[in-house]
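*Asks:* Following this message is one structure expressed as structure tokens.
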Amino acid sequence: MTDRASTGAASARRYEDILVVTIDHPPVNALSASVRADLAAAIDAAQADPQVRAILLMGAGRNFIAGADIREFGKPPQPPILPDVCNRIEASAKPVIAVLHGAALGGGLEVALAAHYRVALAGAKLGLPEVTLGLLPGAGGTQRAPRLMGAQAALDLMLSGKHLSAGAALAAGLVDALSNDTDPLDAGLAYTRQLLAVGAGPRRTRDAGALADKAAALAQVDATAVQVERTTRGLYSPARIVEAVRAAIEQPFDEGLRTERALFLQCLDSPQRAGLVHAFFAERDTTKSPALQQTRPRRLERIGIVGGGTMGAGIAVAALDAGFPVTMVEQDDAALERGRARVAQVYDLLVGKGRISAEERDARMARYTGATRYEALDDADLIIEAVFEDLAVKQAVFAQLDRVAKPGAVLATNTSYLDINLIAAATRGPADVLGLHFFSPANIMKLLEVVVGEHTAPDTVATGFELARRLRKIPVRAGVCDGFIGNRILAVHRQAADMMMEDGASPYEIDAAVRAFGYPMGPYQMADLAGGDIGWATRKRRAPTRDPALRYVQIPDRLCERGWFGQKTGRGFYLYPDGARQGAQDPEVLAIIDAERARAGVTPRAYTQEDIQRRYLAAMINEAANVLHQGIAQRPSDIDVVFLSGYGFPRHRGGPMHYADSVGLDRVLADIRGYAQEDPAFWKPSPLLVQLAESGRNFASLNQAA
Ligand code: 3H9
Numbered sequence: 042m043t044d045r046a047s048t049g050a051a052s053a054r055r056y057e058d059i060l061v062v063t064i065d066h067p068p069v070n071a072l073s074a075s076v077r078a079d080l081a082a083a084i085d086a087a088q089a090d091p092q093v094r095a096i097l098l099m100g101a102g103r104n105f106i107a108g109a110d111i112r113e114f115g116k117p118p119q120p121p122i123l124p125d126v127c128n129r130i131e132a133s134a135k136p137v138i139a140v141l142h143g144a145a146l147g148g149g150l151e152v153a154l155a156a157h158y159r160v161a162l163a164g165a166k167l168g169l170p171e172v173t174l175g176l177l178p179g180a181g182g183t184q185r186a187p188r189l190m191g192a193q194a195a196l197d198l199m200l201s202g203k204h205l206s207a208g209a210a211l212a213a214g215l216v217d218a219l220s221n222d223t224d225p226l227d228a229g230l231a232y233t234r235q236l237l238a239v240g241a242g243p244r245r246t247r248d249a250g251a252l253a254d255k256a257a258a259l260a261q262v263d264a265t266a267v268q269v270e271r272t273t274r275g276l277y278s279p280a281r282i283v284e285a286v287r288a289a290i291e292q293p294f295d296e297g298l299r300t301e302r303a304l305f306l307q308c309l310d311s312p313q314r315a316g317l318v319h320a321f322f323a324e325r326d327t328t329k330s331p332a333l334q335q336t337r338p339r340r341l342e343r344i345g346i347v348g349g350g351t352m353g354a355g356i357a358v359a360a361l362d363a364g365f366p367v368t369m370v371e372q373d374d375a376a377l378e379r380g381r382a383r384v385a386q387v388y389d390l391l392v393g394k395g396r397i398s399a400e401e402r403d404a405r406m407a408r409y410t411g412a413t414r415y416e417a418l419d420d421a422d423l424i425i426e427a428v429f430e431d432l433a434v435k436q437a438v439f440a441q442l443d444r445v446a447k448p449g450a451v452l453a454t455n456t457s458y459l460d461i462n463l464i465a466a467a468t469r470g471p472a473d474v475l476g477l478h479f480f481s482p483a484n485i486m487k488l489l490e491v492v493v494g495e496h497t498a499p500d501t502v503a504t505g506f507e508l509a510r511r512l513r514k515i516p517v518r519a520g521v522c523d524g525f526i527g528n529r530i531l532a533v534h535r536q537a538a539d540m541m542m543e544d545g546a547s548p549y550e551i552d553a554a555v556r557a558f559g560y561p562m563g564p565y566q567m568a569d570l571a572g573g574d575i576g577w578a579t580r581k582r583r584a585p586t587r588d589p590a591l592r593y594v595q596i597p598d599r600l601c602e603r604g605w606f607g608q609k610t611g612r613g614f615y616l617y618p619d620g621a622r623q624g625a626q627d628p629e630v631l632a633i634i635d636a637e638r639a640r641a642g643v644t645p646r647a648y649t650q651e652d653i654q655r656r657y658l659a660a661m662i663n664e665a666a667n668v669l670h671q672g673i674a675q676r677p678s679d680i681d682v683v684f685l686s687g688y689g690f691p692r693h694r695g696g697p698m699h700y701a702d703s704v705g706l707d708r709v710l711a712d713i714r715g716y717a718q719e720d721p722a723f724w725k726p727s728p729l730l731v732q733l734a735e736s737g738r739n740f741a742s743l744n745q746a747a
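Shown next, in the form of structure tokens:
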């Protein structure tokens, strides 16, 4: 064993006749310019070294390579570019072996596909997730993966962005062998020695034969192209992935690589790539604050939940899934049984769909305990209240929790709107109280608003973030106000939608425009799904404090008064005959709207899709700027995360703040000022928006400062 070279990001060391090239670039061995340069240099040097018979590529730390360096996208490319590095690896005259462990993703997997042989450790995750960043595999992946695994499997891998386990990758033909060894170096050396012992030489993926039946492969590409067109709703990179795979079949390898490069550069330049990369980092930035990093969370082993309704049961499932023992408290045996049944039903469905085994369900349910007395919560480290949305009810629950909880236990409320400080005031320890606002279904939705009250202690907040980490949720810190970040802003842009509805746009036109922007559903479909009674209750609660200068559109109330609460009652803004989930337009709703317009003295006018989208987004962005200005949200990108992970904002647009920056804050402000001519009470430009737009700055400049 001799040292051969040590070049930093990738270093080379000889183990007898095997040169081991280790990529060592924390945190995840992304392929930054320095890694690419070192890797290429090590491969080149090995060619000339008579003592080297084979080259082994591995990663230092937990991962092989997590892909290209995402932070470099959008900056001028620095040579050597990754496709060239991969080509040099493949061209090696000496066999190159990659040992895959941890993440072998994107460009990382492409490096491995350019190697001549691949061995994977248990726990390795292989994938080409570029599509999630608005890209396609641009270092030969679209040409090499189909040659190894066939067109259809490669398309599925690239279009889904999913990760394959080592076993699945072996079955798919992406790797040649699995190793039981836990140490990548030992595994890689052992496999390389086996290869050398049988005289294995270079074996280039460019020559692999899985695409031999061109007609069959082209038929798969054609069928996938049709499906992509139908299902990806305006996404830019999926169609280009399909084109690149078509090139893999129709063109010679080097020409296919050139086609891939051209398509990759188109994706790289697209605003969708910018939006998706912004979303990637925004989600990881929500936990970055010096206060959080300096504070240790409290002990977090046992969870208590008060309330077994939809939210309580969903939160229980999330906690059970993460391995926590959970105690659920309800007011009587019957309510408790309903709560337990809700939890069990989620697991039964998962077993029915084959997502978990019956044993796994039993193991999770074994961690669940039900009780009808608050005393059962006396050993819980964190108790989450999820009862009826009423201040007095919640205060009564917190008074009980104050009595039974052990010292230092964190007390959380899942309220969506109410004042955390008033809830905390029902206890003797408001420092232990915070809001944990889950989104429904709580076991699925990723977002968790961590609402910090006036007296909430830093380690209480840190415990909320720790819970999110353990539940694999995305936590966003929020301050106290009616609706926190998400629901507060939602109320305002929903109001803008209601005003357009009264002024002439039908709810169906508004929904269609919002869907055309990229949302999976429009605000009225959403209201029907959530249940119109929920919004109605909020409107009634707010009625006494409503600003009389603000216009109030009564159309939703007219529907609620008829008991039309949406899907659960068979009609709302849409009709749902016989329990249908897809709503049909309802002429009676249109007649009610007409009557309301007449009552309000409105002469209906026409709106284009663009008019609708601009007003809807302007209202959202303006209120988001207020939320930021008042310190309810810490940074613009946190608001983006709330809307991306909690409200269906199209991810490729990066969130409302990123979107505002992309169209220009001056344009947004000009729109708002234009609308203010009609209705100055509603359309008041946010001071922060004015300040940024007039000084030529954008929201992103505040992210950097946060
Ligand atoms: C590509 O490869 C294009 C090529 O086809 C063509 C090129 C020509 N770059 O997620 P974590 C950071 S596209 C830069 O919290 P985990 C991340 O920001 C790429 N940075 O950890 C975070 O930083 P910080 C295709 C990256 O253990 C830290 O690493 N690859 C990159 O939960 C830890 O990350 C992908 O899309 C990167 N590629 O998960 C894979 N990756 O500490 C993207 C991560 O400052 N990455 N960082 O906040 C992942 O899926 C996950 O990060 C991974 C680890 C599974 C690897």
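By the count of my numbering, the sequence shown reaches residue 747 at its end, each step adding exactly one.
The C-beta atom is built at its ideal place from N, Cα and C for all residues, glycine as well.
1) Name the DSSP bridge partner or partners of Met99?
2) Taking only heavy atoms of ligand 1 into account, decide whether any of them is closer than 7 Å to the Cβ of Leu176.
3) Quick check for students: name the residue ranges of the beta strand (DSSP E) that lie wholly in the region 586–672, counting only runs of 3 or more.
4) Using the Cα positions of Gly148 and Val704, report the straight-line distance between them to the nearest angstrom.
5) Could you tell me whether any non-hydrogen atom of ligand 1 is closer than 7 Å to the CB of Arg692?
6) What is the C-beta distance between Thr63 and Leu154, in whole angstroms, given that I count them as a contact (C-beta under 8 Å)?
7) By the 10 Å Cβ neighbour count, where 16 or more other Cβ atoms means buried, how is Leu390 classified, buried or exposed?
8) Leaving out five residues on either side along the sequence, give the residues of the same chain with a beta carbon under 8 Å from the beta carbon of Arg408.
9) Which residues bound the beta strand (DSSP E) around Glu490?
10) Does Met542 come out as helix, strand or coil in the three-state DSSP assignment?
11) Determine the direct distance from the alpha carbon of Gln650 to that of Met698, and round the result to whole angstroms.
12) Report all residues from its chain with a CB closer than 8 Å to the CB of Asp588; omit the five preceding and five following residues, and keep chain order.
13) Let me check understanding here. Comparing Cα to Cα, which of Leu423, Phe690, Ala86 lies closest to Pro338?
14) Considering only the beta carbon of each residue, do Leu167 and Ser278 sit closer than 8 Å?
15) DSSP three-state label for Glu57, please.
16) Taking the beta carbon of Asn667 as the centre, do at least 16 other beta carbons fall within 10 Å, making it buried, or is it exposed?
17) Start and end of the alpha helix (DSSP H) containing Pro721?
18) Mapping the DSSP letters down to three states, classify Ser547 as helix, strand or coil.
19) Can you list, in chain order, the stretches of the alpha helix (DSSP H) that have 4 or more residues and sit fully within the region 123–170?
20) For Ser47, count neighbouring C-beta atoms within 10 Å of its own C-beta (all shown protein chains included) and say buried if the count is 16 or more, exposed if not.
21) Quick check for students: name the residue ranges of the alpha helix (DSSP H) that lie wholly in the region 502–577, counting only runs of 4 or more.
22) Cβ atoms of Ala427 and Gly348: under 8 Å apart, would you say?
23) Name the DSSP beta bridge partners of Glu426, please?
24) How would you label Ser742, buried or exposed, when you count the other beta carbons within 10 angstroms and need 16 or more for buried?
25) Which first and last residues belong to the alpha helix (DSSP H) in which Thr183 is found?
26) Jot down the residue ranges of each uninterrupted alpha helix (DSSP H) in the region 172–259, minimum 4 residues, whole runs only, in chain order.
27) Would you check if the region 599–617 and the region 648–665 touch, i.e. whether three or more CB-CB distances between them fall below 8 Å?
28) Would you kindly check if the distance between the Cβ of Ile106 and the Cβ of Asp74 is under 8 Å?
29) Of the residues Tyr415, Ser206, Gly449, Gly672, which one's Cα is nearest the Cα of Ala440?
30) Assuming Leu304 and Ala285 form a contact by the criterion Cβ under 8 Å, report the distance between their Cβ atoms to the nearest whole angstrom.
31) Quick check: the Cα distance between Asp90 and Ser133, rounded to an integer number of angstroms?
32) In the DSSP assignment, the beta strand (DSSP E) including Ala412 goes from what residue to what residue?
33) Check whether the Cβ atoms of Asn104 and Gly49 sit closer than 8 Å, and answer yes or no.
34) Can you give the beta carbon distance from Thr456 to Asp679, rounded, assuming they're within the 8 Å contact cut?
*Replies:* In brief:
1) Position 58 of the sequence shown holds residue 99. DSSP lists Thr63 as partners of Met99.
2) Looking up residue 176 in the sequence shown gives position 135. Because some heavy atom of ligand 1 lies under 7 Å away, the Cβ of Leu176 counts as near it: yes.
3) none
4) For the purposes of this step, residue 148 is taken as the residue at position 107 of the sequence shown. For the purposes of this step, residue 704 is taken as the residue at position 663 of the sequence shown. Taking the straight line joining both Cα atoms gives about 31 Å.
5) Taking the sequence shown and counting its residues from 1, one reaches residue 692 at position 651. No, ligand 1 has no heavy atom inside 7 Å of this Cβ.
6) Position 22 of the sequence shown, counted from the start, is the residue given in the question as residue 63. Position 113 of the sequence shown, counted from the start, is the residue given in the question as residue 154. That belief does not hold up - the Cβ atoms of Thr63 and Leu154 are roughly 19 Å apart, past 8 Å.
7) Within the sequence shown, numbered from 1, the residue matching residue 390 stands at position 349. Counting Cβ neighbours within 10 Å, Leu390 comes out exposed, since fewer than 16 surround it.
8) One-based indexing of the sequence shown puts residue 408 at position 367. So the qualifying residues of the chain are Leu361, Gly364, Phe365, Pro366, Val367.
9) As a position in the sequence shown, residue 490 is number 449, starting the count at 1. The continuous beta strand (DSSP E) containing Glu490 extends over residues 488–493.
10) By 1-based counting over the sequence shown, the position of residue 542 is 501. Looking at Met542 - three-state DSSP - the assignment turns out to be helix.
11) Here the question's residue 698 lines up with position 657 in the sequence shown. Here the question's residue 650 lines up with position 609 in the sequence shown. Rounded to the nearest angstrom, the two C-alpha atoms are 21 Å apart.
12) Sequence index remark: in the sequence shown, residue 588 carries index 547 (1-based). Counting only Cβ-Cβ distances below 8 Å, and skipping sequence neighbours, we find Ala722.
13) If you number the sequence shown from 1, residue 338 lands on position 297. Residue Leu423 is the option with its Cα nearest to Pro338.
14) Residue 167 sits at position 126 when you count from the first residue of the sequence shown. Residue 278 sits at position 237 when you count from the first residue of the sequence shown. No, these two residues do not count as a Cβ contact at 8 Å.
15) Taking the first residue of the sequence shown as position 1, residue 57 is located at position 16. Looking at Glu57 - three-state DSSP - the assignment turns out to be coil, as it is neither helix nor strand.
16) Walking along the sequence shown from the start, residue 667 turns up at place 626. Buried is the call here.
17) Position 680 of the sequence shown, counted from the start, is the residue given in the question as residue 721. Neither: Pro721 is in no alpha helix (DSSP H) and is coded neither H nor E.
18) Position 506 of the sequence shown, counting from 1, holds the residue named residue 547. If DSSP states are grouped into helix, strand and coil, Ser547 belongs with coil.
19) 123–132, 148–155
20) Your numbering for residue 47 matches position 6 in the sequence shown. Confidence is the limiting factor: at Ser47 the pLDDT is only 43, short of 50, which leaves the residue's position unreliable, though a coordinate-based value still follows. Looking at its Cβ environment, which holds fewer than 16 other Cβ atoms inside 10 Å, Ser47 is exposed.
21) Whole alpha helix (DSSP H) segments, 4+ residues: 527–544, 548–558, 564–571.
22) Taking the sequence shown and counting its residues from 1, one reaches residue 348 at position 307. Taking the sequence shown and counting its residues from 1, one reaches residue 427 at position 386. Contact flag set, yes.
23) Residue 426 sits at position 385 when you count from the first residue of the sequence shown. Val347, Thr454, per the DSSP bridge assignment.
24) Position 701 of the sequence shown holds residue 742. Residue burial annotation: Ser742 is exposed, with fewer than 16 other C-beta atoms found within 10 angstroms of its C-beta.
25) Counting from one through the sequence shown, the residue named residue 183 turns up at place 142. First-last of the alpha helix (DSSP H) with Thr183: 182–190.
26) 182–190, 192–201, 207–213, 225–238
27) No, the region 648–665 is not in contact with the region 599–617.
28) Counting from 1 along the sequence shown, the entry for residue 74 is found at position 33. Counting from 1 along the sequence shown, the entry for residue 106 is found at position 65. Checking the displayed sequence, the identity of residue 74 turns out to be Ala instead of Asp. It is not a contact, given that the beta carbons lie outside the stated cut-off.
29) The residue given as residue 440 occupies position 399 in the sequence shown. The residue with the shortest Cα to Cα distance from Ala440 is Tyr415.
30) For the purposes of this step, residue 304 is identified with residue 263 of the sequence shown, where counting begins at 1. For the purposes of this step, residue 285 is identified with residue 244 of the sequence shown, where counting begins at 1. Going by Cβ atoms, the distance from Leu304 to Ala285 rounds to 5 Å, so yes, they are a contact pair.
31) Working through the sequence shown from its first residue, we reach residue 90 at position 49. Working through the sequence shown from its first residue, we reach residue 133 at position 92. Their backbone Cα atoms lie some 12 Å apart in a straight line.
32) Position 371 of the sequence shown holds residue 412. Looking at the DSSP string, the run of the beta strand (DSSP E) that includes Ala412 is 409–412.
33) For the purposes of this step, residue 104 is identified with residue 63 of the sequence shown, where counting begins at 1. For the purposes of this step, residue 49 is identified with residue 8 of the sequence shown, where counting begins at 1. No; because the gap between Cβ atoms is not below 8 Å, this pair is not in contact.
34) Working through the sequence shown from its first residue, we reach residue 456 at position 415. Working through the sequence shown from its first residue, we reach residue 679 at position 638. The distance from the Cβ of Thr456 to that of Asp679 is about 19 Å, inconsistent with a contact at the 8 Å cut-off.
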